[in-house]
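Line by line, the protein sequences give chains A and B. For any residue, its number in this note's numbering is found by taking its place in the first sequence, counting from 1, and adding 775. For any residue, its number in this note's numbering is found by taking its place in the second sequence, counting from 1, and adding 775. Don't be surprised by glycine CBs; every beta carbon is placed ideally from N, CA and C. Some notes on the structure that comes next.
Protein chains: 2
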Amino acid sequence: MVSFSGLQFHDRAPVYQQIAEYLKRQILLGTVQDGDPMPSRRELAAQTGINPNTAQKAYRLMTEEGYIYTDGNNGSVVRLTPELRAAIDEELTRGLVERFVEEAKQNQLSYKRVIALVSELWGDE
Amino acid sequence: MVSFSGLQFHDRAPVYQQIAEYLKRQILLGTVQDGDPMPSRRELAAQTGINPNTAQKAYRLMTEEGYIYTDGNNGSVVRLTPELRAAIDEELTRGLVERFVEEAKQNQLSYKRVIALVSELWGDE
DNA sequence: GCGTGTGTATTACGGGTATAATACAGTCAA
DNA sequence: TTGACTGTATTATACCCGTAATACACACGC
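This is the structure in structure tokens:
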């Protein structure tokens, strides 16, 4: 059963999008695999403290994007193909860095300074 | 006269916030300096194709943040102190990188991979 | 059968954002 | 003085987001 107990919301994106993104992260981490059952709408809502309607909206989004499917009354299940996994990696990894680089350039930051700041702010490693 | 003709809006933030951020970028670039006159609300609205009320909202935000002040009926003027400039740099530079690093860590990206991706996607330089 | 849980749908409300249409008072040049 | 511009304010509408309260049909175990 896919768990959303570790999900912490922020206010920079709609809640239902954050839920979908959380699932994608779990997929990339290998925590969630093809065929894994999703909690019910009401259970997810209870886990995360949101409204069941918002949970339903998240499931609709994930269904539209192809990451889950719903079998009648038996709940929803994760669907994962190599293509979907590649799409997630593209969005969460390259897409993240692409948006950052674009914004950094828009702010006229130099490559050198960006690298220095990333190194400084990364902390350990 | 401060110009907003180069401003291109996106939909990830309210328009009035994007206007304020654009001014801050111009300040960091040195294009805008202390005492520079701002266009009128209606002129900014015409320049950028937005509603004068939204422009007014942006001016109110910039006034509250201290980057402009309004002299009665004579229009608004940019105010720039070393403290304000430092605050802008903190927000637009360090803040940007901080949010990126946080999100990258949340997605379990390694420091090494992030640096590699930034280098790859940066292009020239 | 009955209760519980399931997915799904509808309606309503509040808040934030943006637009739209005005309105008013002040300034200033013609 | 008149007209055009200025900043400022108000009201209305519309959309998205999230919550809230229901409602319905279906499936399953007791």
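Check	Outcome
V852 (chain A) to Y791 (chain A), Cα distance in whole Å?	17 Å
By the 10 Å Cβ neighbour count, where 16 or more other Cβ atoms means buried, how is R816 (chain B) classified, buried or exposed?	buried
Out of B:A820, B:P827, B:Y842, state which residue places its alpha-carbon closest to the alpha-carbon of E858 (chain B).	B:Y842
Can you give me the C-alpha to C-alpha distance between I825 (chain B) and S780 (chain B), rounded to a whole angstrom?	12 Å
Starting from V853 (chain A), follow its DSSP beta bridges and name the residues at the other end.	A:I843
I want to see whether chain A comes within less than 7 Å of M783 (chain B), judged by CB atoms only; does it?	In the sequence on display, residue 783 (chain B) carries Gln and not Met. No, its Cβ sits nowhere closer than 7 Å to a Cβ of chain A.
A879 (chain A) and L892 (chain B) look like a contact to me (Cβ under 8 Å); what is the Cβ gap, rounded to whole Å?	With 8 Å as the limit, A879 (chain A) and L892 (chain B) do not qualify as a contact, their Cβ atoms being about 13 Å apart.
Within its chain, find whatever has a CB closer than 8 Å to the CB of V777 (chain B); leave out the 5 residues flanking it on each side and keep chain order.	L798, Q801, V807, D811, P812, M813, P814, V853
CA-CA distance, F875 (chain A) and L867 (chain B)?	12 Å
Within 10 angstroms of the Cβ of G782 (chain B), are there 16 or more other Cβ atoms? Answer buried if so, exposed if not.	According to the sequence as given, residue 782 (chain B) is Leu; it is not Gly. Classification for L782 (chain B): buried.
Is P789 (chain B) helix, strand or coil by DSSP?	coil
Any chance you could list the alpha helix (DSSP H) runs of at least 4 consecutive residues sitting entirely within the stretch 789-823 of chain A, in chain order?	790-804, 816-823
With the cut-off set at 7 Å, would you say D863 (chain B) and L803 (chain B) are in Cβ contact?	Correcting the residue type first, residue 863 (chain B) is Ile in the shown sequence and not Asp. Yes, these two residues count as a Cβ contact at 7 Å.
Using the beta-carbon count (16 or more within 10 Å), is Q793 (chain A) buried or exposed?	buried
Can you check whether the C-beta of F875 (chain B) is within less than 7 Å of a C-beta belonging to chain A?	yes
Taking buried to mean at least 16 other C-beta atoms within 10 Å of its own C-beta, is T823 (chain A) buried or exposed?	buried
Could you tell me whether the Cβ atoms of D809 (chain B) and L855 (chain B) are closer together than 7 Å?	yes
Decide if A833 (chain B) is buried, meaning its Cβ has at least 16 other Cβ atoms within 10 Å, or exposed.	buried
What first and last residue would you give for the alpha helix (DSSP H) that runs through L782 (chain A)?	No alpha helix (DSSP H) contains L782 (chain A), which DSSP labels as neither H nor E.
Quick check: the Cα distance between H785 (chain A) and R869 (chain A), rounded to an integer number of angstroms?	22 Å
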